[in-house]
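Report on the structure given below.
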Amino acid sequence: MIPLKTIDDYTLTGKKILVRIDLNTTLIKGKPTVSERFIAHAHTIEKLVKANAAVVLIAHQGRPKQRDCISLKNHFKLLRNCLGPTNRSKFKFIDDTIGAKAIDAICHVRPREMILLENVRFVNDETKYKQGQKNKLVETLAPLFDYYVNDSFSNSHREHASMVGFAKQLTSIAGPVLLCEYNVLCRVLSKEMPRPYYMVLGGAKLDETISLAEEVLENECVDKILTAGLFGELCMIAKGAPIKLKNLLYKGKSPLTYLPRVKRLLKQHRSKIVTPVDAAFKKSEKRIEIRINALPANGRFLDIGMRTIALYTKLLNHATTVFFKGPLGVTEQPCFQKGTRNIYKVIAQRPKSIGGGGDTLSAISRLRIRSSRFSYLSLAGGAMEEFLVGKKLPGIQALQLNQKKSVPKINPLKHNQCTPKNGFDIITCGSGLVDVFLETGQSSVKIKKGHASNCYITFPVGEKLVMQDRHVDIGGGGTNTAVAFSRLGLKVGYLGCLGKDQNGKKILKLLNKERITFLGTLSDKPTGYSVILDTKEKDRTILTYRGASNWLNFKDINTKKLKTQWIYFSGMLGQSHQTQKRLAVWVEKQGYKLAFNPSRYQCQQNLRSLRPILKHTTVLILNKTEAQILSGQKKIKSIFRALHARGPDIITVTDGARKIYCSDGYHIYKLIPNKTRIVENTGAGDAFGAGFVAGFIMSGDIGLALRLGLIESKAVLSAFGAKNDLQKLSKAKNLLEQSRLIVKKELW
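Written out as structure tokens, the structure is:
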């Protein structure tokens, strides 16, 4: 059994997920009827919504150009009623599959929202998929999504575009319904089932039933097979019973053509194959029971008799596990339901009872036996039967091949139909300053030791101190992160307020050089600057004048130019902070994602002022001291629990050179940095935050994002200036490949 990747293996927060489900169902007077599949898929949808994903569903009904190939509009209503009350209002039906209406809906679906597209079999290319050839369904939809989830085991035996095509282009995941079917059916064919393990094989599908019997008997998976239906009749004929099948055809030929295979089975495994001892047939519209060797010449086996029911009941009472497939009689006729009803009720009482097949489910429904009485009922029909006889299912194979190739890696973003025209991958909103680094080297400059947050650089009063060195660079969280994102290959805009002075011009020149679009405002106030006092022990104190950076006003921003997928907030104060609060609300309304890296100063102020931003945040980036201040907690799990409750979906916490933590609400990730030679640490936090968010945008993998964040921060620590050694994409990819750092992942 090859394990499949599941929803729990990925961070789906903020991601657009294409989910293939199976809504194909019985039509009564042209309208669909709800089935167990609807309920099962509803659980999958709610799990994805809980993971904060944007969910787009595709499904089919009927065969192309046949009367049963109808719109999914009424299926949508049935599926919606299977969802919890809070999710029903967020679920919409789109009467389009690959047209402009569908594309627009997909582009605007937000996390925790769901849409169902129109019947995929309305698209000609769905059932005409050929590997290596262009397919309109796949080519149109695949670029709009981050992941593909196959939750339709029941359709995985079809090599259709929606079953195998997306797995060629997107990271693909096994949905809960598919995974449950796959795991259970793999066990059905294994020696892992609790013993004694019996099978009850009936129904009219000879080929599949004989193949299944051959498979499990040759591999010694089962202890006994109790036979009925057409397979049971052949077994009895092989034993010499006077049963006539001359006028019966199966797949256009006589069932007797299968007799040599059945005789071979009985010869090799006679002690494990049990056949009926009596049967029921029809005479004058009545049920007549008679011993097998006394069946009349023209008598047809329509049900097992009471002696067989008693024999099978006695045998089944010794079984721990029972797998059953197919009815034991013709349940469409009320007088021949007795055998199936009695044996199914006995099976339901066993510790493990597993059943499957379309005829089996129909019989359970017809006999009004509660499906909940069985341990598991497969919803897969034909796919189950093909899987059990050893056939490769294209949908499952596509998932297995995909996961071999789905090692997380960063790639330059490909702009798709959801990327706004003339839009950006990310816009940074933060300060733009000039940094002056003054290196102190005198013995009179000392550090008063204490807790990390209570250390002080001390200077003697009344003395003139000569600085050893001076470096000037462009700084500020907004420009630092903008440059980091741009060098990693993202299309970047910068939103901030600069002065109209020489320092402002220097910053604009840098942005232009780094191919970053300025989206902010210019002020008559002077551009902010910072003086960074470094010591020989590489600790530093920053004296900062915020200047124009504090005066970004929402009313002066041209929001029409803010077309993006992500916005990244660095810490801002004054009027600019009020603007960020308004922007956070606006960002969510647009369906964009927000990353937020507040400053320590902001965390130390009133938490109430940060709440309007936190509740709209997708990714929150903090160091441990900031996280403890903001959460009011000391231990890392308590920190995460408190901060998740305020809104963020993903939270990273850096603890200096000791450890980096991350939580997505389901898993906690841990990364221990290796040792780094520190020249100066200004801008390291910005570099980590930008590297993490860029890695997450380009790969969707938290482990890779943590490693890229660490690579970026190490580059800044090893040189003066917050930007000088930031990595370009090609070098970052090489460093990731060479890196031996391991991210540990554990469930909450």
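Going by my numbering, the first residue of the sequence shown is number 2, and it counts up by one from there.
Even for Gly, the Cβ is constructed at its ideal location relative to N, Cα and C.
As the structure is a prediction and not an experimental result, all values here were calculated from the model.
### Task
Could you tell me how far apart the beta carbons of Leu79 and Ile46 are, in whole angstroms, since I believe they sit closer than 8 Å?
Not quite, the Cβ-Cβ distance comes to about 13 Å (not below 8 Å), so this is no contact.
### Task
Give the straight-line distance between the Cα atoms of Lys51 and Arg741, rounded to the nearest whole angstrom.
Distance between the alpha carbons of Lys51 and Arg741: 33 Å.
### Task
Could you please give me the residues that DSSP links to Ser664 through a beta bridge?
Ile652, Ile669
### Task
Indicate whether the contact test is met: 3 or more Cβ pairs, each with one atom in the stretch 11-19 and one in the stretch 104-118, closer than 8 Å.
yes
### Task
Inspect the beta-carbon positions of Asp360 and Ser155 and report whether they are closer than 7 Å.
no
### Query
DSSP three-state call for His472: helix, strand or coil?
Here DSSP, grouped into helix, strand and coil, assigns His472 to strand.
#### Entry: Ser173 - partner residues in DSSP beta bridges
Tyr149
#### Entry: Rounded separation between Val744 and Lys465 - CA only
Computed Cα separation, rounded: 49 Å.
#### Entry: Bounding residues of the alpha helix (DSSP H) (the contiguous stretch that carries Ala55)
Taken as a continuous stretch (DSSP letters only), Ala55 belongs to no alpha helix (DSSP H), being part of the beta strand (DSSP E) at 55-59.
### Query
By DSSP, does Gln606 sit in helix, in strand, or in coil?
coil
### Message
Against chain D, with Cβ distances strictly below 7 Å, would Val263 count as a contact?
### Response
The chain inventory of the structure shown lacks chain D, comprising one protein chain alone.
### Task
Report the three-state DSSP secondary structure of Leu73 (helix, strand or coil).
Coil at Leu73, not helix or strand.
### Query
Mind checking whether Val473 and Glu515 have CB atoms under 7 Å apart?
With a cutoff of 7 Å on beta-carbon distance, Val473 and Glu515 are scored as not near each other.
### Query
When the Cα atoms are used, what is the spatial distance from Gln634 to Asn624?
Going from the Cα of Gln634 to the Cα of Asn624 covers about 13 Å.
### Task
Quick one: residues in its chain with C-beta nearer than 8 Å to the C-beta of Pro613, no 5 flanking neighbours on either side, listed in chain order?
Lys582, Ala585, Val586, listed in sequence order.
### Message
I'd like to know if the stretch 395-403 and the stretch 520-538 are in contact, where contact means that at least 3 CB-CB pairs between them fall below 8 Å.
### Response
no
### Query
Among Glu286, Ser272, Lys273, Glu290, which one has its Cα closest to the Cα of Ala280?
Glu290
### Message
Which of the three DSSP states is assigned to Ala280 in this structure?
### Response
strand
### Task
Tell me, to the nearest whole angstrom, how far the beta carbon of Asn554 is from that of Thr580; I am working on the premise that it is less than 8 Å.
6 Å
### Task
Tell whether a beta-carbon distance below 7 Å holds between Ile305 and Pro277.
yes
### Where Pro243 falls, given that 16 or more other Cβ within 10 Å makes a residue buried
Pro243 is exposed by the Cβ-count criterion.
#### Entry: Status (buried if at least 16 other CB within 10 Å, exposed otherwise) for Phe388
With 16 or more Cβ atoms within 10 Å of its Cβ, Phe388 is classed as buried.
### Message
Taking a contact to mean a Cβ-Cβ separation below 7 Å, would you say Leu621 touches Phe641 in this structure?
### Response
no
### Query
Using DSSP with H/G/I as helix, E/B as strand and the rest coil, what is Arg369?
coil
### Task
Grab the span of the beta strand (DSSP E) containing Cys108 for me, first residue to last.
Looking at the DSSP string, Cys108 is not in any beta strand (DSSP E); the run it does join, the alpha helix (DSSP H), is 101-109.
### Message
On the CB-based measure, 16 or more other CB atoms within 10 Å of its CB, does Asn294 come out buried or exposed?
### Response
exposed
### Residue span of the alpha helix (DSSP H) that contains Ser571, given as start and end
In the DSSP annotation of this structure, Ser571 is not part of any alpha helix (DSSP H); the continuous beta strand (DSSP E) holding it starts and ends at 565-571.
### Query
DSSP state of Ala453, grouped into three classes?
Confidence is the limiting factor: at Ala453 the pLDDT is only 48, short of 50, which leaves the residue's position unreliable and the question unanswerable from this model.
#### Entry: Runs of beta strand (DSSP E) wholly within the stretch 270-346 (minimum 3 residues, chain order)
279-284, 287-292, 322-326
### Start and end residues, alpha helix (DSSP H) containing Ala733
730-739
### Secondary structure, alpha helix (DSSP H): runs of 4+ residues fully inside the stretch 168-254
177-189, 207-219, 230-239
### Message
Please classify Lys169 as buried or exposed, where buried requires at least 16 neighbouring CB atoms within 10 angstroms.
### Response
buried
### Query
Does the Cβ of Val56 have 16 or more other Cβ atoms within 10 Å, making it buried, or fewer, making it exposed?
buried
### Task
Please state whether DSSP places Glu747 in a helix, a strand or coil.
For Glu747, the three-state secondary structure derived from DSSP is strand.
### Message
On the CB-based measure, 16 or more other CB atoms within 10 Å of its CB, does Glu37 come out buried or exposed?
### Response
exposed
### Task
Return the bridge partner residues of Asn136 from the DSSP annotation.
For Asn136, which the question treats as bridged, DSSP gives no partner whatsoever.
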